[in-house]
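Below is one structure, written out as structure tokens; comments come after it.
In full-length UniProt numbering, the protein residues as written are 1 to 78.
Structure representation (structure tokens):
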């Protein structure tokens, strides 16, 4: 399943994930971060973002780089 939004083109293995992703392109972003001016269309994206304001607690085993979230380390290692 491919996102049809111009400039996006992300692909998903399940239609549910594509539908959820589509919300990120919406202009209505009712979930604000309480620590900065960012807003989010999905509450779980806001909750994940909030963790970035906490001290960096995840480390890369290759370069010892510090990251705020484990998924950022995983992406970094790819």
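For glycine and all other residues, C-beta sits at the position ideal for the given N, C-alpha and C. Quick caveat, the model's predicted, so the values are computed rather than measured.
- Distance check between residue 49 and each of 2, 62, 64 and 68 places 68 closest, using alpha-carbon atoms only.
- DSSP places residue 73 in the helix class (H, G or I) of the three-state scheme.
- Here residue 16 is exposed, its C-beta having fewer than 16 other C-beta atoms within 10 Å.
- Bounds of any alpha helix (DSSP H) do not take in residue 25, whose DSSP letter is neither H nor E.
- A direct Cα-to-Cα measurement between residue 37 and residue 24 gives close to 16 Å.
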